[in-house]
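Residue numbers (the UniProt record's numbering): 1 to 334.
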Ligand code: ATP
Ligand code: MG
């Protein structure tokens with residue numbers, strides 16, 4: 001029995017969360033779901049976008065599911081606060097094509113591992129006389145731990161190559177640290193028997209961006225710093241069918257939080273048009289994190305079938321079904 005903290009959030013967050021939980025109930029696993037609040041509606045009712053109680057619940061459960069929140073400029077970002085409090089330093093974004101979904105490539109399957117705690121998103125900016133500066137923080141420790149995650153994920157997913165992405169020719173000091181840490185971890189891991197078959201290489205981020213469009217099949221696991229990872233993972237999402245399809249994991253040493261890449265989409269909230277796939281796939285990532293690989297696979301296969309049939313799809317996928325009708329089709333298959 002797993003205790004799962006569920007944070008539906010705002011806009012389409014509660015809609016896709018409801019759909020995903022409806023599907024989860026059909027699996028052979030017992031969950032104890034505990035609902036917690038965060039986001040803009042929560043702010044209006046409680047005066048904070050993320051109550052301490054929510055953070056405590058998330059920290060003390062086996063995993064957390066997060067829908068989406070609307071972040072109003074000036075308010076504290078609920079998701080960033082939560083990632084920090086839970087020590088979630090790695091953002092994993094699978095780039096995967098699904099049959100039946102209109103996309104640029106129909107056969108992609110690679111993983112982007114993005115460092116999520118430092119880099120250019122450290123939030124240290126300063127106004128200067130001429131304009132402004134931002135501080136790019138790269139530590140050996142964070143570079144090593146993200147590289148380790150990349151190798152562990154590669155092994156878990158049966159991948160045989162890990163590629164570091166950086167710009168060490170220009171950002172000599174910061175990406176020099178990242179690059180060196182990566183190669184040290186690569187050496188350590190490829191000396192172990194289970195990892196000895198893995199290829200290791202590196203690319204400059206500009207070249208990686210080009211290859212992702214021209215020859216993405218060369219990628220298996222990419223590992224990179226915060227900003228580069230943010231940009232490359234949206235590029236990856238664009239290759240495989242867009243926002244409604246892309247899940248993500250945020251993981252640390254003891255915790256995992258799983259969320260769709262899309263936001264709260266206030267423009268379609270309440271209309272039943274939200275595609276539940278990204279949230280359902282996020283729950284599948286959660287099951288993998290909990291080492292429930294068989295159930296994760298079953299869930300993904302059921303969704304795949306629904307996509308392939310093209311009978312119960314939401315409007316963004318070219319269908320006419322509602323969020324719950326699509327979820328119901330997935331549950332029927334399970
Ligand atoms: P937020 O401020 O919470 O990020 P947003 O307005 O940026 O919200 P997103 O959720 O990031 O909205 O999505 C951008 C657009 O993509 C929206 O206009 C929405 O119509 C569409 N979209 C996002 N998610 C989905 C989904 N699950 N199903 C269908 N369409 C979606
Ligand atoms: Mg958005």
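Note that the Cβ used here is the ideal one computed from N, Cα and C, for glycine as well.
Assigned secondary structure, residue 16 (DSSP; H/G/I helix, E/B strand, else coil): helix
Terminal residues of the alpha helix (DSSP H) in which residue 44 lies: 40-46
Minimum length 3: unbroken beta strand (DSSP E) runs contained in the stretch 246-311: 247-251, 256-260
Heavy atom of the ligand ATP within 6 Å of residue 230 beta-carbon: No - the ligand ATP has no heavy atom lying nearer than 6 Å to the Cβ of residue 230.
Best match in 15, 7, 5 for proximity to residue 323 [C-alpha to C-alpha]: 15
7 Å Cβ cutoff met for residue 64 and residue 34: no
DSSP state of residue 102 mapped onto helix, strand, coil: coil
Rounded C-alpha distance that separates residue 210 from residue 102: Distance between the alpha carbons of residue 210 and residue 102: 21 Å.
Outcome for residue 318 when other beta-carbon atoms lying within 10 angstroms are tallied against a minimum of 16: It is exposed - the Cβ of residue 318 has fewer than 16 other Cβ atoms within 10 Å.
Three CB pairs or more closer than 8 Å across the stretch 225-234 and the stretch 305-312: no
Outcome for residue 131 when other beta-carbon atoms lying within 10 angstroms are tallied against a minimum of 16: exposed
For residue 168, three-class secondary structure by DSSP: coil
Proximity below 7 Å, CB of residue 79 to CB of residue 115: no
Stretch pair the stretch 252-260 + the stretch 55-74: three plus CB contacts closer than 8 Å: yes
Whether residue 58 touches residue 86 by CB criterion (7 Å): At a Cβ-Cβ threshold of 7 Å, residue 58 and residue 86 count as neighbours.
Sheet register partners of residue 136 (DSSP bridge): Answer by DSSP bridge pairing: none, since residue 136 is not bridged.
Within 7 Å, strictly: CB atoms of residue 49 and residue 76: Residue 76 is positioned such that its CB atom lies closer than 7 Å to that of residue 49.
First through last residue of the beta strand (DSSP E) which encompasses residue 89: Neither: residue 89 is in no beta strand (DSSP E) and is coded neither H nor E.
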